[in-house]
Amino acid sequence: MTTSRTGRTSHAPGTGSGRVPPQAPPFTLAGRPLHTLLTSRSRPLVDAVVARLAGEVPTYSALPPEALRGEIARIVELNIALCAEVLRTGELPGPEQLAGLREGAARRAEEGVPLEAVVSAYHIGVQLCMDEVLREAAPADLPAVLGASALVLRYLQVMTSAASGGYVQARQASFGDEYIARQALLSALLDGADPTGSAAAAGVPLPECYLVLSLAVGAHPDERASGVSTTVAARRKLRRLRVELERHVEGAVLSVLSPEGGLALVPHPVPPEEVGAGDWDWLAGVLDHMSRVSGAALTAGAAAARPRDVGAAARLSGEVREVAAVFGREPGLYRLQDVLLEYQLTRPGPARAELAALLAPLAGQHGLLDTLRTHFACALNRRATAARLQVHPNTVDYRLRKIAALTGLDTSTAADLPRISAALAALDASGGEAEGTRPGPAAGGPGAPGVTGAAGVVGATGVTGAGGVPGAPGGGRTEG
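The sequence shown: position 47 = 91 (my numbering), numbered continuously.
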């Protein structure tokens, strides 16, 4: 009776057990080591495993294609390499070798992939690997098959345990003490309460100021793709946003984010009055990186504030973001200075109401308001306006003359142009009902019509005071 390198006790050939003894590692088939068979076929095996996952595990079939071809394929390749090393040495991998599998499982947890799907994926991968290397085994290879199968089963046990541990740890981290403490700090900052105690409890030093971002996040193409899980694609996008933001920032970023947008407080080492153009250019660059890595368009309102003034800055940044949206600005970073005129035009009051009323005669007049908007969007170029509206330039001229007759505002008169532009802005901001209007994104909401005001957000996160923050309630999460 002998003891193998793996610690198993087996009988020598011809002894009393009557069983065929398993072969000791490294295992061979027809003289060729099993681990070299496995590594030589790694690339087609990776493709086969990924295809099998997409075909048999519903959650994986709903993953974005780039996730399957990228990160999932890399994890499968790592799994194959570890399995080959086990077959070569007879030794099971330790925590360091299994770290990549733990991290992959943790990312699946953040994306909302069920644990049973993750475990199934690992089992399918190992099964296909063994099927591939053992399919040419002959009767004489039975000892190698028995020994390799027993060892791979032990590898599958430790690998599944490591992946499950990484998954569970990631899920628990979402609701850990650090998360709760930072959520309390964010709430205190937004409510205007003294944040000193909350900051100490969270272990977060208060900076000289926060750069307060109100974010609107566009959809990733995978969220619209047929057959792709919208939830998984959205969570992947959200994870990338958080990771990229924190990668560029020194210190604890406090955020409440959902796939549609949210609020982020970026710590900054100088007082608000010393924040200069270079600081804002840096933040705009961070936003650009976040957009490219997440694959989603980002529009952000931004303001700088001392910790005690974060609540007011959050409301202002939300209003700035919404004003940028009302006026059709491209995705990017906007401060109050960037939309001063537009911001003022959208403030409630008798002047705004009177401006909007200038266009009241166009209500019910087919195509006139749309023509006026398009004409301004095309820099008063009648041919460009006609092309965008898909009408003849003479039709544009006719409509503009009719607008002038109804409203007394003539687009060919320089003195009337500022009043027309202001009237269109006021109409949008007030959520006007004239034919062709485009109410602002928050028309009818709290605060100024068309622009979210000081009303606080109260969601499942418990964060309040984040007026003007899209998606803050419910699906948000405070991040550090």
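We put the CB at the ideal spot given by N, CA and C, even for glycine.
Fill in: Check whether HIS264 and ALA340 have beta carbons under 8 Å apart
Yes; because the gap between Cβ atoms is below 8 Å, this pair is in contact.
Worksheet item: Based on the DSSP secondary-structure assignment, which residues constitute the bridge partners of VAL364?
Response: Answer is none; VAL364 lacks a bridge partner.
Discussion item. If I measure Cβ to Cβ from VAL314 and keep anything under 6 Å in the same chain, skipping five residues before and after, which residues do I get?
Written reply: For VAL314, where only same-chain residues beyond five positions count, the Cβ hits under 6 Å are GLU252.
Worksheet item: If you draw a straight line from the C-alpha of VAL310 to the C-alpha of PRO249, how long is it?
Response: Cα-Cα distance, rounded: 13 Å.
Discussion item. Quick check: what's the CA-CA separation for ALA194 versus SER242?
Written reply: Their Cα atoms are separated by approximately 54 Å.
Discussion item. Distance check for GLU398 and ARG391, CA to CA, integer angstroms please.
Written reply: The alpha-carbon atoms of ARG391 and GLU398 are separated by roughly 12 Å.
Worksheet item: Contact between the stretch 400-410 and the stretch 445-465: three or more CB pairs below 8 Å?
Response: Three or more pairs of CB atoms, one per stretch, sit closer than 8 Å, so the stretch 400-410 contacts the stretch 445-465.
Worksheet item: First and last residue of the beta strand (DSSP E) that includes CYS253?
Response: Per DSSP, CYS253 belongs to the beta strand (DSSP E) from 253-261.
Practice prompt. For the alpha helix (DSSP H) containing HIS312, list its first residue and its last residue.
Written response: Segment 305-312 is the beta strand (DSSP E) holding HIS312; no alpha helix (DSSP H) there.
Fill in: Per-residue burial, LEU81 [other beta carbons within 10 Å of its own, 16 or more giving buried]
So LEU81 ends up on the buried side.
Worksheet item: Taking the continuous alpha helix (DSSP H) assigned at THR343, which residues delimit it?
Response: For THR343, no alpha helix (DSSP H) run applies; the uninterrupted beta strand (DSSP E) run containing it begins and ends at 342-349, by DSSP.
Worksheet entry | Beta-carbon contacts of GLY295 that lie in its chain and below 6 Å, excluding the five residues immediately before and after | The answer, listed in chain order, is PRO311.
Worksheet entry | Delimiting residues of the alpha helix (DSSP H) encompassing VAL300 | Annotation for VAL300: no alpha helix (DSSP H) segment contains it, though the beta strand (DSSP E) segment containing it runs 298-302.
Item to complete: Can you tell me which of the three DSSP states ALA478 falls into?
Response: The predicted position of ALA478 is uncertain, since its pLDDT is 41 and thus under 50; a value taken from the coordinates is nonetheless stated next. Under the three-state reduction of DSSP output, ALA478 falls in the coil class, being neither helix nor strand.
Discussion item. Which same chain residues end up closer than 7 Å to TRP326 when comparing Cβ atoms and leaving out the 5 residues on each side of it in sequence?
Written reply: If we look at TRP326 and ignore the five residues flanking it on each side, it has no Cβ neighbours.
Discussion item. Quick check on the DSSP output: the alpha helix (DSSP H) that includes GLY209 runs from which residue to which?
Written reply: Here the alpha helix (DSSP H) through GLY209 covers 186-217.
Practice prompt. Please confirm if the stretch 327-337 is in contact with the stretch 370-381, defined as three or more CB-CB distances below 8 Å between the two stretches.
Written response: Contact holds: three or more Cβ-Cβ distances are below 8 Å.
Worksheet item: Between THR418 and HIS410, what straight-line distance do the alpha-carbon atoms span, to the nearest angstrom?
Response: THR418 and HIS410 have their C-alpha atoms spaced approximately 14 Å apart.
Worksheet entry | ARG85, DSSP secondary structure in three states | Coil, per DSSP.
Fill in: Buried or exposed by the 16-neighbour rule on C-beta atoms within 10 Å, applied to GLN381
Exposed: under 16 other Cβ atoms inside 10 Å.
Worksheet item: Do three or more CB pairs link the stretch 362-372 to the stretch 466-473 at distances below 8 Å?
Response: Short answer: they touch.
Worksheet item: If you run the structure through DSSP and keep just helix, strand and coil, what is LEU233?
Response: Collapsing the DSSP output to three states places LEU233 in a helix.
Worksheet entry | Environment of GLY484 [buried if 16+ CB atoms lie within 10 Å] | Any answer about GLY484 is weak, because its pLDDT of 37 lies below 50 and its placement is not dependable; what the coordinates show is given next. With a threshold of 16 other beta carbon atoms within 10 Å, GLY484 meets it and is buried.
Discussion item. Using a Cβ-Cβ cutoff of less than 6 Å, which residues in the same chain neighbour ALA74 once the five nearest sequence positions on both sides are dropped?
Written reply: Residues of the same chain with a CB within less than 6 Å of the CB of ALA74, apart from the 5 flanking positions on each side, do not exist.
Discussion item. So, with DSSP's three-state summary, where would you put ARG146?
Written reply: Secondary structure at ARG146: helix, using DSSP grouped into helix, strand and coil.
Discussion item. Mapping the DSSP letters down to three states, classify ARG76 as helix, strand or coil.
Written reply: In the three-state reduction of the DSSP assignment, ARG76 falls in the strand class.
Item to complete: Would you mind giving the Cβ-Cβ distance between ALA346 and LEU234, rounded to the nearest angstrom? I have them listed as a contact below 8 Å.
Response: By a beta-carbon distance limit of 8 Å, ALA346 does not contact LEU234. Their separation comes to about 16 Å.
Worksheet item: For VAL170 versus VAL196, is the C-beta distance shorter than 8 Å?
Response: Cβ atoms of VAL170 and VAL196: closer than 8 Å.
Worksheet item: What is the DSSP secondary structure of LEU250, reduced to helix, strand or coil?
Response: Per DSSP, reduced to three states, the secondary structure at LEU250 is coil, with no helix or strand assignment.
Fill in: Contact under 8 Å by Cβ, VAL367 with GLU288
No, the Cβ-Cβ distance between VAL367 and GLU288 is not below 8 Å.
Worksheet item: Which same chain residues, not among the five before or five after GLU121, have their C-beta less than 6 Å away from its C-beta?
Response: Hits under 6 Å: VAL90.
Discussion item. Please identify the residue among GLN227, SER84, ALA153, THR83 whose C-alpha is closest to the C-alpha of VAL300.
Written reply: That would be GLN227, whose Cα lies nearest to the Cα of VAL300.
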